[in-house]
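Take 11 as the starting number for the sequence shown in our numbering and just add one per residue.
Contents: one structure, followed by commentary.
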Amino acid sequence: MTSPLQPGQKQGRGMPPALPTPPKGWPIGSYPTYAEAQRAVDYLSDQQFPVQQVTIVGVDLMQVERVTGRLTWPRVLGGGALTGAWLGLFIGLVLGFFSPSPWGSLIAGLVAGVFFGLITSGLQYAMARGTRDFSSTMQLVAGRYDVLCDPQAAEQGRDLLARLTI
Numbered sequence: 011m012t013s014p015l016q017p018g019q020k021q022g023r024g025m026p027p028a029l030p031t032p033p034k035g036w037p038i039g040s041y042p043t044y045a046e047a048q049r050a051v052d053y054l055s056d057q058q059f060p061v062q063q064v065t066i067v068g069v070d071l072m073q074v075e076r077v078t079g080r081l082t083w084p085r086v087l088g089g090g091a092l093t094g095a096w097l098g099l100f101i102g103l104v105l106g107f108f109s110p111s112p113w114g115s116l117i118a119g120l121v122a123g124v125f126f127g128l129i130t131s132g133l134q135y136a137m138a139r140g141t142r143d144f145s146s147t148m149q150l151v152a153g154r155y156d157v158l159c160d161p162q163a164a165e166q167g168r169d170l171l172a173r174l175t176i
């Protein structure tokens, strides 16, 4: 049986993947946004504090889906054509390096990309059958961000952060 990785030890060949472990340390600060927690750690770094002993932990995690718009056939097909065009241009450009007619390869790649982009986006939208007529982005956010520190330096870190005005 192999021993687990120690802090700072790198995983090498033949070693099992490191399993996720909960963070350790004492809380030295708690902030409503990640930017404020990041600013606190940056302040500690500016004060020559050993920041390698610090961890920012997101607490009360939430998955947030922000709706960005309504999907319609023109929007779906337009997006598919645009995505296909970019992919086709890339493929046409690569093939153009090995072709006696680089412009022909570029145009053929563009046309094929638009065609396949229209087909794939249209099929996906049609198969959804109106069950998801909106576009969105997904994000993982936390209710608050705690700054933890190894116990031997926690008191010093807490004292430094008490002087920080956010």
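C-beta atoms are modelled at their ideal positions from N, C-alpha and C, and glycine is treated no differently.
Notebook entry, point to check: Would you say the beta carbon of Gly-79 comes nearer than 7 Å to a heavy atom of the ligand NAD?
Noted result: Because no ligand of any kind appears in the structure shown, any question about the ligand NAD cannot be addressed here.
Item checked: Gly-79 - containing beta strand (DSSP E), residue span -> 64-80
Checklist line | Gln-149 - DSSP class collapsed to helix/strand/coil | finding: strand
Next item on the list: Answer yes or no: do Ala-164 and Trp-36 have a C-beta to C-beta separation smaller than 8 Å?
Entry: yes
Checklist line | Buried or exposed by the 16-neighbour rule on C-beta atoms within 10 Å, applied to Leu-150 | finding: exposed
Check: Within this structure, are the beta carbons of Phe-126 and Gly-94 separated by less than 8 Å?
Finding: yes
Notebook entry, point to check: So is Val-74 buried or exposed if we call it buried at 16+ other beta carbons inside 10 Å?
Noted result: exposed
Next item on the list: Check whether the Cβ atoms of Leu-179 and Leu-87 sit closer than 8 Å, and answer yes or no.
Entry: Because the chain in this structure spans residues 11 to 176, residue 179 falls outside the shown range and cannot be described.
Margin query: With the cut-off set at 8 Å, would you say Ile-38 and Val-157 are in Cβ contact?
Written below: yes
Check: When you compare only the Cα positions, how much space is there between Leu-71 and Thr-147?
Finding: 17 Å
Note to self: Quick check on the burial criterion: 16 or more other C-beta atoms within 10 angstroms. Buried or exposed for Pro-30?
What the structure shows: exposed
Notebook entry, point to check: How is Phe-144 classed by DSSP in three states: helix, strand or coil?
Noted result: strand
Item checked: Reference Val-121, options Pro-112, Gly-102 and Ser-131, closest by Cα -> Gly-102
Next item on the list: Identify, in the order they occur along the chain, each residue of the same chain with its Cβ nearer than 6 Å to the Cβ of Ala-47, setting aside the five sequence neighbours on each side.
Entry: Tyr-41, Ile-66, Tyr-155 and Val-157
Margin query: Rounded to the nearest angstrom, what separates Ala-45 and Leu-54 at their Cα positions?
Written below: 14 Å
Next item on the list: Only counting runs of 3 or more residues, tell me where the beta strand (DSSP E) segments fall wholly within the region 23-48, in order along the chain.
Entry: 36-41
Notebook entry, point to check: For Phe-8, is the classification buried or exposed, using 16 other Cβ atoms within 10 angstroms of its Cβ as the cut-off for buried?
Noted result: The question about residue 8 has no answer here: the residues shown for the chain are numbered 11 through 176.
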